[in-house]
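This report refers to the structure that appears directly beneath it.
Number of protein chains: 2
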Amino acid sequence: MASIFSRIINGEIPCYKIKEDAFFIAFLDIAPLREGHVLVVPKQEVDKLFDVSGDILSRWLLFAQPIAHAIEQVFACNRCGLSVIGLEVPHAHMHLVPINNAGDLNFEQPKLKLSAERMKEIQDLLCEQIGKVG
Amino acid sequence: MASIFSRIINGEIPCYKIKEDAFFIAFLDIAPLREGHVLVVPKQEVDKLFDVSGDILSRWLLFAQPIAHAIEQVFACNRCGLSVIGLEVPHAHMHLVPINNAGDLNFEQPKLKLSAERMKEIQDLLCEQIGKVG
């Protein structure tokens, strides 16, 4: 059965899309640690990040770079943190989260619940900023 | 002033080295979250991961891949997790940590203190395994 991320990639499940190319899709995490929390997912459905093909691995951080810069511009933070855990969905994915301290990347803390209006606003802010920084 | 990681790269400070090439060095974190916790550091001294040059970004996960596979082979874990926080040392670095749950990547938990003998054993185990998986 296709992972929930493959169903998002195939358009079966909606998402707040931030960026897409032939190899990756990025969208807002619907249970974010902080506002601006983005998931970067390869279209190749592989469970573990380091089992993804070398070609995809070499493109991953480059694809994420303008998203991370946009997160750093839009949200008050020291920088964009990055985490790959992957124990809940068997489809490799990278978390990008604006952080001010190590605790902001602690996945044991309660997740936020944002309104659809706020999610759309965050999507628009990030997409606009990515358009500027390219 | 050179970062502590540049001083390790330059050989001024010793480390338990796991792997090195022209662009990166990997060594054991001396205050690990878990046994097998490795730092992957670009030789280019840049504070934030996503400010590193595109060429280095494209090589980073590829360099880390055999280390992550070795961690998964040597230590009892579900997989190798990955985290980039970077608030303490202004030289971009990636943490590779064997994890069984999200809490294993929580940097607010107390760090381990391992003996020099155990650090050397872990270094040897990982280097031997990297030699196998190449």
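As you go down the protein sequences, you meet chains A and B in turn.
Numbers 2 to 135, taken from our numbering, label the letters of the first sequence in order.
Numbers 2 to 135, taken from our numbering, label the letters of the second sequence in order.
Even glycine gets a Cβ: it sits at the ideal position worked out from N, Cα and C.
Leaving out the 5 sequence neighbours to the left and right, which residues in its chain are closer than 6 Å to residue i when beta-carbon positions are compared?
i: cysteine 16 of chain A; result: Ile9 and Phe28
i: histidine 38 of chain B; result: Asp30 and Val98
i: arginine 60 of chain B; result: Phe24
i: serine 54 of chain A; result: none
i: leucine 113 of chain A; result: Pro33
Run through the DSSP bridge pairs and tell me what residue i is partnered with.
i: valine 98 of chain B; result: B:Gly82
i: glutamate 21 of chain B; result: B:Ile26
Please state if the CB of residue j and the CB of residue i are separated by a distance shorter than 8 Å.
i: proline 111 of chain A; j: phenylalanine 76 of chain A; result: no
i: cysteine 128 of chain B; j: isoleucine 19 of chain B; result: yes
i: phenylalanine 108 of chain A; j: alanine 69 of chain B; result: no
i: leucine 106 of chain B; j: glycine 82 of chain B; result: yes
i: glutamate 46 of chain B; j: serine 4 of chain B; result: yes
i: leucine 50 of chain B; j: valine 85 of chain B; result: yes
Could you name the residues of the same chain whose beta carbon sits closer than 8 Å to that of residue i, not counting the 5 residues immediately before and after it, in chain order?
i: leucine 115 of chain B; result: Pro33, Glu36 and Ile123
i: arginine 139 of chain B; result: For chain B, the structure presents residues 2 to 135; residue 139 of chain B sits outside this window and is missing.
i: glutamate 21 of chain A; result: Ala27
i: asparagine 11 of chain A; result: Ala3
i: aspartate 48 of chain A; result: Gly87, Pro91, His92 and Ala93
i: aspartate 52 of chain A; result: Ala93
If you drop the 5 nearest sequence neighbours on each side, which residues of the same chain put their C-beta closer than 7 Å to that of residue i?
i: phenylalanine 6 of chain B; result: Val42, Val90, His92 and His94
i: cysteine 78 of chain B; result: Pro99, Ile100 and Asn101
i: arginine 80 of chain A; result: Glu73 and Ile100
i: alanine 71 of chain B; result: Leu127, Gln130, Ile131 and Val134
i: aspartate 56 of chain B; result: none
i: alanine 117 of chain A; result: none
When you measure from the CB of residue i to every non-hydrogen atom of the ligand FMN, does any distance come out below 7 Å?
i: tryptophan 61 of chain A; result: Summarising the ligand content, the structure contains no ligands, and the ligand FMN is consequently not present.
Query - Secondary structure, alpha helix (DSSP H): runs of 4+ residues fully inside the region 23 to 79 of chain A - result: Restricting attention to alpha helix (DSSP H) runs no shorter than 4 residues, the region 23 to 79 of chain A encloses them at 55 to 75, ordered along the chain.
Report task. Spell out a yes or no on whether the region 62 to 78 of chain A and the region 20 to 39 of chain A are touching, meaning 3 or more CB-CB pairs, one atom from each, closer than 8 Å. Result -> Counting Cβ pairs under 8 Å, three or more are found: they touch.
Requested in this report: Please confirm if the region 84 to 94 of chain B is in contact with the region 28 to 48 of chain B, defined as three or more CB-CB distances below 8 Å between the two stretches.
Outcome: yes
Query raised in the report: Are the region 115 to 131 of chain B and the region 105 to 123 of chain A in contact at 8 Å, needing three or more beta carbon pairs?
Result: no
Query - Contact list for the region 24 to 52 of chain A against chain D, Cβ threshold 7 Å - result: In the displayed structure, chain D is absent; the protein chains listed are A and B.
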